[in-house]
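So the sequence shown is residues 1 to 187, counted in my numbering. Worksheet: one structure, shown below.
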Amino acid sequence: DNGETGSTATNYEPCDTYSVKVTDANGCMETITGEVPELVVEIETTPTCEGESTGTATLTAQGCAAPYTINWGTRTDEVDETTETSNTGLQGGTYTVTITDAEGRTREVEYTIGEIIIDVEVTSTPESCGTTDKGTATVNIDGGNAPYSILWSTNETTVTITDLDAGEYSVTVTDDNGCEKVETVTV
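Next up, the structure:
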């Protein structure tokens, strides 16, 4: 008894047994005893690189009746309150996992795997005819997570490469998550 009155009570711990005294309009009182069940689910996700299947979801469950059956949709795991379970190899998108405790309480939880997108634009200036001026190529990066590593097909690692002969050049940009984007440019 926590002394609360009214139709809603708060501040109860899951899985404990509580008694509620109910009085009707005639003054008749009845005590009802029950349990406040709750299945608490936490999911942490890691994103995937654009077009890949490298995302993960890690789940922990707590509640009244361990062990828990975790249905990821592609496989089922059984865990207790001290164990995590993970679903790996996920593409970007929204998924649903179903958790069932030992007493049959079920909870569905949606989770989203983000997709890391790196936008790379490469511009160039051509070498000038009849002069000794060579061409250049510059990479502009948007998205992903800095810092970025840059590797040109010339093995240079700067944003702009210079002294280029006419031809095709490629650049690989890798963000801090290990996601890569490759683009080419003609000088």
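Even for Gly, the Cβ is constructed at its ideal location relative to N, Cα and C.
Within the same chain, 116, 145 come within 6 Å of residue 177 by CB-CB distance, once the 5 residues on both sides are set aside. Assigned with DSSP and collapsed to three states, residue 149 falls in strand. With a minimum length of 3 residues, the unbroken runs of beta strand (DSSP E) contained wholly in the segment 75-143 fall at 76-79, 85-90, 93-100, 106-113, 118-125, 135-143. Take the alpha-carbon of residue 179 and the one of residue 162: they are about 26 Å apart. When C-alpha distances from residue 169 are compared across 159, 153, 181, 175, the shortest belongs to 153. Per the Cβ contact rule, the segment 82-100 is not in contact with the segment 118-131 (fewer than 3 Cβ pairs under 8 Å).
DSSP places residue 165 in the coil class of the three-state scheme, outside both helix and strand. Scanning its chain for C-beta atoms nearer than 6 Å, with the 5 sequence neighbours on each side dropped, one finds around residue 71 the residues 98, in chain order.
Here the C-alpha atom of residue 24 lies approximately 13 Å from the C-alpha atom of residue 32.
Here residue 80 is exposed: its Cβ has fewer than 16 other Cβ atoms, across all protein chains shown, within 10 Å. Straight across, the Cα-Cα distance linking residue 110 with residue 147 is about 31 Å. Leaving aside the five residues that flank residue 39 on each side, the residues in its chain whose CB is nearer than 7 Å to its CB run, in chain order, 61, 63, 99, 101, 105, 107. The distance from the Cβ of residue 59 to that of residue 84 is about 7 Å, consistent with a contact at the 8 Å cut-off. Under DSSP, the beta-bridge partners assigned to residue 61 are 41.
In this structure, residue 185 sits near residue 137, with a CB-CB distance shorter than 8 Å. Comparing alpha-carbon positions, the option among 142, 34, 86 lying closest to residue 121 turns out to be 142.
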